[in-house]
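Each residue of the sequence shown is one higher than the last, beginning at 1 in UniProt numbering.
Every residue gets a Cβ at the ideal spot worked out from N, C-alpha and C, and that includes glycine.
Here the structure is a predicted model, which means the values were calculated and not measured.
Right, one structure below, let's go through it.
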Amino acid sequence: MLDIKPRDVQVALIAAADTTILRSRTWDRLKFEVEYSLQRGTTANSYLIKADKTALIDPPGESFTETFLHQMQESLELQQLDYVILGHVNPNRMVTIKALLELAPQVTFVCSKPGAIALQSALREYQNLLKIWLPRAEDTLYLGNSHQLQFISVPTPRWPDGLCTYDPATRILFTDKLFGCHVCADEVFDDNWKALDEDRRFYYDCLHASQSRQVEVALDKLAAFSAKMYAPGHGSIVRYSLSRLTHDYRTWSQQQKEQDLTVALIYASAYGNTATLAQAIAKGITKAGVGVETINCEFTDPAEIEAAVQKCDGFIIGSPTLGGHMPTQVQTALGTVLSTAAKTKLAGVFGSYGWSGEAVDEIESKLQDAGYRLGFDTIRVKFKPDDLTLQQCKESGTDFAQSLKKSKKFRTPSQPVSNSQIDRTAQAVGQVVGSVCVLAAKRGEVSSAMLASWVTQASFNPPGLTVAIAKDRAVESLTHTGDKFVLNILKEGMNVRRHFLKPFAPGEDRFAGLDTQDAENGCPIINDALAYLECTVKSRMDCGDHWLVYAVVDNGKVIQSTGMTAVHHRKSGSHY
1 MLDIKPRDVQ VALIAAADTT ILRSRTWDRL KFEVEYSLQR GTTANSYLIK
51 ADKTALIDPP GESFTETFLH QMQESLELQQ LDYVILGHVN PNRMVTIKAL
101 LELAPQVTFV CSKPGAIALQ SALREYQNLL KIWLPRAEDT LYLGNSHQLQ
151 FISVPTPRWP DGLCTYDPAT RILFTDKLFG CHVCADEVFD DNWKALDEDR
201 RFYYDCLHAS QSRQVEVALD KLAAFSAKMY APGHGSIVRY SLSRLTHDYR
251 TWSQQQKEQD LTVALIYASA YGNTATLAQA IAKGITKAGV GVETINCEFT
301 DPAEIEAAVQ KCDGFIIGSP TLGGHMPTQV QTALGTVLST AAKTKLAGVF
351 GSYGWSGEAV DEIESKLQDA GYRLGFDTIR VKFKPDDLTL QQCKESGTDF
401 AQSLKKSKKF RTPSQPVSNS QIDRTAQAVG QVVGSVCVLA AKRGEVSSAM
451 LASWVTQASF NPPGLTVAIA KDRAVESLTH TGDKFVLNIL KEGMNVRRHF
501 LKPFAPGEDR FAGLDTQDAE NGCPIINDAL AYLECTVKSR MDCGDHWLVY
551 AVVDNGKVIQ STGMTAVHHR KSGSHY
C-alpha cells in the first residue's frame, strides 16, 4: 500500500530552470470521463513557464483545486501570473479557473475562439475581470528569455476548442488531450515507456478512436514543429518514446479508417453528459471492429453531416433536453438525416436530461415513424451517467456493431456445416479442444461474464493460464492488467452452459437466476461449477480479433469431487 495522500501535487523541473510541471495526482478513480475505468488513478498535468512574463498552461479540474492552488502559491506569487493558457475549456475546470481569477485578476486567458465562447458563458459574473486573447496561426506570445510560444489549433468533435502550445526555447510541445494516459506514478518522464503500452492504447481507444480523422489532421500540424518532448494533460511526459508514440497514433488512426463498416455518431452536449455517453457508445462500437465518425453537430457544417450520413452504414443520434426540446443544432442534424439516410440504415438514439427527456423521445419517434430500425433500446440518462450506465452504453455500441456486421454478412454463418464445406485448414484447427469455463469478472459495481473454451495452463511457477477473449465481448473491458476474475470450470452437462449461451441485453445481470457466491477477489463463483480459480491479469497480447490474456492463479478449489470437465469439440476453427 502506498503511504501517500489520496490527492497531492508533485512539482518537478522539466527543462532548464524555468519550466515546471505541477502534477495533480490521485490514486483513486475520477469519474468524469469514461477513460478512467481502468482505475489506475491519474495525473492532471499543469505547466508553469517563468521568464520575464509567467504563463500557466492547463490548470486542473475541480477535484484538485484546493491542493493545486496551495502548491501554486508556494511556487509563485500569484500576482506575478500573467497568462493562463487553456488547451480546452470544460465545466470541470471552472472552479479552478474562477479561483485563479479571484486570486490573480490581472491574468489574461489564452484560448481558441470556441474556448473563449465557453469561457465567457461560464464566467458571466466575472465579465469585468475577464481578459481573453485569441491567438491566430501566425501569432506568438513572447514571455522573455527566448520563450516565444506558438499555438496550434487542433479541434476535434469532443474538444472543438483544442489548442496545443509549442515552446521553441525548450522544444516542448504541450499537447493537452493528445499522447496522454491515465496512470498515477512517481515517474515524471516515460523512462519505462514499454510498460505504458497497454494504458496508452486504451486511452487512445477511449478518447480518440472515434475522432481519428481529426487526430490525423492534428498529427500533420504538429509534425511541423521539432519537438523533443510531448507534455500531455495526463500521465508522464513523453521524452524517450516520442517517435514510437507518434507512429502508434498514426497506425491506430489508419486502422480506424480501414474498417469495412462505419457508424456516424452525431450528438450535441450541453454539460458534457451526453458527450460522455457518446464516448462510451463509440468505445463499444470500435472494440467490435467497426469504425466510428464522431460528429459534434454544434461545431460541424450541415454539408459535412450530410456527407457522413451518406457514406455510413448506420447512424446514432444523441441529444440533451433543453427547455423541453432538443437544441437547434440537433434539430438541423436530424432533418439532414431524415432527408439523406437510406431507410435500410441501422439507427440508434441516446441522450441525457435534467428534469425531462422530451428530446430523446422526439428523435426516437421521428426515426421510427420514418421507418428506421433501431439497433439498441433507446438510452435515456438523468443527469450524470454512473459506471453501470456507461457499461450499458458500451454494450449497446457493441450490439449495434454486431447487428451491422450481421446485416452485411460479415460474420461466418453459425448454422452447422458439413465437413465437405469446411476448409481443410479450418477443420484441422477445429480439432484443438479446450475446457468449457465461465470467466466472471467484476470491477466496482460493474460485473460481466462469458462462456470460454479457449483456455489453457501457461505456466507452473507461478501457476498461470491464458484465456483468449474476443474484442467485442462485454467482459473484455474488465480484463486489463491488474484486473481480477474467477474462472469457473464447468462439468459435463448443459445447465450452466445453456444459461450463458443465451443473448444478454446491454447491462443485463449475467448471474441472475444462478447460485453464486463471492470469491476472495470479489468476483462471482458459480456454485454448480466443477472447480474455480481466482486469477489476476498480468499481461495481454493483441491477437487479431481476440486478446490473449495471461493471468496468474491466486487461489482455487475443487467444488465437486465427482464429474468430468466439460470440453468443447468443434468441426471448424473458423468459429466457436
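Looking at the structure shown, is Tyr271 part of a helix, part of a strand, or coil, going by DSSP?
On the sequence shown, position 271 is the one that residue 271 refers to. In the structure shown, Tyr271 sits in coil (DSSP, three-state: anything other than H, G, I, E or B).
Ala209: which of Lys177, Pro302 and Val496 sits nearest, CA to CA?
By 1-based counting over the sequence shown, the position of residue 209 is 209. Taking each of Lys177, Pro302 and Val496 in turn and checking the Cα distance to Ala209, the smallest one comes out for Lys177.
Could you check which residue in Ala55, Pro59 and Gln39 has the C-alpha nearest to that of Ser46?
Reading the sequence shown from its first residue, position 46 is the one you call residue 46. Check the Cα spacing between Ser46 and each of Ala55, Pro59 and Gln39: the tightest is with Pro59.
Whether Ile152 touches Ala15 by CB criterion (7 angstroms):
Position 152 of the sequence shown holds residue 152. Position 15 of the sequence shown holds residue 15. No, the Cβ-Cβ distance between Ile152 and Ala15 is not below 7 angstroms.
Give, in chain order, every unbroken run of the beta strand (DSSP E) that is at least 3 residues long and sits entirely within the segment 187–260.
List check, beta strand (DSSP E) in window: 229–232.
Please tell me whether Ala99 and Leu69 are closer than 7 angstroms, where the distance is taken between their beta carbons.
Working through the sequence shown from its first residue, we reach residue 99 at position 99. Working through the sequence shown from its first residue, we reach residue 69 at position 69. With contacts defined as CB atoms closer than 7 angstroms, Ala99 and Leu69 qualify as a contacting pair.
For the beta strand (DSSP E) containing Val9, list its first residue and its last residue.
As a working mapping, residue 9 is identified with position 9 in the sequence shown. Arg7 to Ala15 is the extent of the beta strand (DSSP E) around Val9.
If you check the beta carbons only, do Asp395 and Ala474 fall under 7 angstroms apart?
Counting from one through the sequence shown, the residue named residue 395 turns up at place 395. Counting from one through the sequence shown, the residue named residue 474 turns up at place 474. Looking at the sequence itself, residue 395 is Glu, so the reference to Asp does not match. Contact: yes.
Determine the direct distance from the alpha carbon of Val292 to that of Glu358, and round the result to whole angstroms.
As a working mapping, residue 358 is identified with position 358 in the sequence shown. As a working mapping, residue 292 is identified with position 292 in the sequence shown. About 26 angstroms.
Can you tell me where the alpha helix (DSSP H) holding Ser459 begins and where it ends?
Residue numbering aside, residue 459 sits at position 459 when the sequence shown is read from its first letter. Secondary structure note for Ser459: it is in no alpha helix (DSSP H), and the uninterrupted beta strand (DSSP E) holding it is Val455 to Ser459.
Sorted by chain position, which residues of the same chain lie with C-beta nearer than 6 angstroms to Thr156's C-beta, five sequence neighbours on each side aside?
Along the sequence shown, one-based indexing puts residue 156 at 156. Within the same chain, Gly162, Gln211 and Gln214 come within 6 angstroms of Thr156 by CB-CB distance, once the 5 residues on both sides are set aside.
Host alpha helix (DSSP H) of Gln106 (start-end):
Translated into the one-based positions of the sequence shown, residue 106 becomes position 106. In the DSSP assignment, Gln106 falls outside any alpha helix (DSSP H), carrying neither H nor E.
How would you call Tyr142, buried or exposed, if buried means at least 16 neighbouring beta carbons within 10 angstroms?
For the purposes of this step, residue 142 is taken as the residue at position 142 of the sequence shown. Looking at its Cβ environment, which holds fewer than 16 other Cβ atoms inside 10 Å, Tyr142 is exposed.
Which two residues bound the contiguous alpha helix (DSSP H) that contains Leu367?
Mapped onto the sequence shown, residue 367 falls at position 367. Taken as a continuous stretch (DSSP letters only), the alpha helix (DSSP H) holding Leu367 covers Glu358 to Asp369.
His147 in three-state terms, based on DSSP:
On the sequence shown, position 147 is the one that residue 147 refers to. In the structure shown, the three-state DSSP call for His147 is strand.
Output yes or no for whether 7 angstroms exceeds the beta carbon distance between Leu346 and Gly314.
The residue you call residue 346 lines up with position 346 of the sequence shown. The residue you call residue 314 lines up with position 314 of the sequence shown. In contact: Leu346 and Gly314 (Cβ atoms closer than 7 angstroms).
Are Ser356 and Thr321 touching if we call contact CB-CB under 7 angstroms?
Residue mapping note: residue 356 aligns to position 356 of the sequence shown, counting from 1. Residue mapping note: residue 321 aligns to position 321 of the sequence shown, counting from 1. The beta carbons of Ser356 and Thr321 sit closer together than 7 angstroms.
Can you tell me whether DSSP reads Asp518 as helix, strand or coil?
Translated into the one-based positions of the sequence shown, residue 518 becomes position 518. Three-state DSSP puts Asp518 in a strand.
Taking Asp191 as the reference, give the member of Asp167, Gly235 and Pro168 with the closest Cα.
Residue mapping note: residue 191 aligns to position 191 of the sequence shown, counting from 1. Selected option, being the one with the closest Cα: Gly235.
Buried or exposed for Thr286, please, with buried defined as at least 16 other CB atoms from any protein chain shown within 10 angstroms of its CB.
Translated into the one-based positions of the sequence shown, residue 286 becomes position 286. By the neighbour-count rule (16 or more Cβ atoms within 10 Å), Thr286 is buried.
With DSSP collapsed to three states, give me the class of Cys437.
Residue numbering aside, residue 437 sits at position 437 when the sequence shown is read from its first letter. Looking at Cys437 - three-state DSSP - the assignment turns out to be strand.
Taking Cβ to Cβ, would you say Ala440 is nearer than 7 angstroms to Pro506?
As a first step, residue 440 must be located in the sequence shown, where it is residue number 440. As a first step, residue 506 must be located in the sequence shown, where it is residue number 506. Their beta carbons are not under 7 angstroms apart, which means Ala440 does not touch Pro506 by this criterion.
Nearest-angstrom beta carbon gap, Ala426 and Gly573 [assumed within contact, 8 angstroms]:
Residue numbering aside, residue 573 sits at position 573 when the sequence shown is read from its first letter. Residue numbering aside, residue 426 sits at position 426 when the sequence shown is read from its first letter. With 8 angstroms as the limit, Gly573 and Ala426 qualify as a contact, their Cβ atoms being about 5 angstroms apart.
Run through the DSSP bridge pairs and tell me what Glu534 is partnered with.
For the purposes of this step, residue 534 is identified with residue 534 of the sequence shown, where counting begins at 1. In the DSSP output, where bridge partners are listed per residue, Glu534 has Val486 and Asn555.
Less than 7 angstroms between the beta carbons of residue 639 and Asn296, yes or no?
Nothing in the structure corresponds to residue 639, since the chain is present only between 1 and 576.
Nearest-angstrom beta carbon gap, Ile21 and Val188 [assumed within contact, 8 angstroms]
Indexing the sequence shown from 1 puts residue 188 at position 188. Indexing the sequence shown from 1 puts residue 21 at position 21. In this structure Val188 touches Ile21 by the C-beta definition: roughly 6 angstroms separates them, less than 8 angstroms.
DSSP three-state assignment for Met72, whether helix, strand or coil
In the sequence shown, the residue the question calls residue 72 occupies position 72. Helix at Met72.
Since I believe Thr42 is in contact with Cys184 (beta carbons under 8 angstroms), could you give me their beta-carbon distance rounded to a whole number of angstroms?
Taking the first residue of the sequence shown as 1, we reach residue 184 at position 184. Taking the first residue of the sequence shown as 1, we reach residue 42 at position 42. About 6 angstroms separates the beta carbons of Cys184 and Thr42, which is inside the 8 angstroms limit, making them a contact pair.
For Gly544, which option in Phe179, Leu219, Gly289 and Val217 has the closest C-alpha, if you only look at C-alpha atoms?
Taking the first residue of the sequence shown as position 1, residue 544 is located at position 544. That would be Gly289, whose Cα lies nearest to the Cα of Gly544.
Considering only C-alpha positions, which residue in the set Lys221, Leu548 and Glu77 is nearest to Val137?
For the purposes of this step, residue 137 is taken as residue 137 along the sequence shown, with counting starting at 1. For clarity, residue 137 is Ala in the given sequence; the question names Val instead. Considering only alpha carbons, the answer is Lys221.
Every unbroken beta strand (DSSP E) within the UniProt domain "Flavodoxin-like" (263–401), with a cutoff of 3 residues, ordered by chain
Whole beta strand (DSSP E) segments, 3+ residues: 291–296, 314–318, 346–353 and 379–382.
Bridge partners of Met450, per DSSP?
Numbered from 1 along the sequence shown, position 450 holds the residue referred to as residue 450. According to DSSP, Met450 bridges with Leu439.
Looking only at C-alpha atoms, which of Gln254, Glu198, Arg200 and Tyr240 sits nearest to Leu219?
By 1-based counting over the sequence shown, the position of residue 219 is 219. Measuring from the Cα of Leu219, the nearest candidate turns out to be Gln254.
What's the C-alpha gap between Asp52 and Gly144?
Locating residue 52 in the sequence shown gives position 52, where the first residue counts as 1. Locating residue 144 in the sequence shown gives position 144, where the first residue counts as 1. Distance between the alpha carbons of Asp52 and Gly144 is about 5 angstroms.
Could you pull the DSSP bridge partners for Asp167 from this structure?
Against the sequence shown, residue 167 aligns to sequence position 167. Residue pairing by DSSP puts Asp167 in a beta bridge opposite Ile172.
Candidates Asn488, Glu74 and Arg158, of which the one nearest Gln517 by Cα
Taking the sequence shown and counting its residues from 1, one reaches residue 517 at position 517. The shortest Cα separation from Gln517 among Asn488, Glu74 and Arg158 belongs to Asn488.
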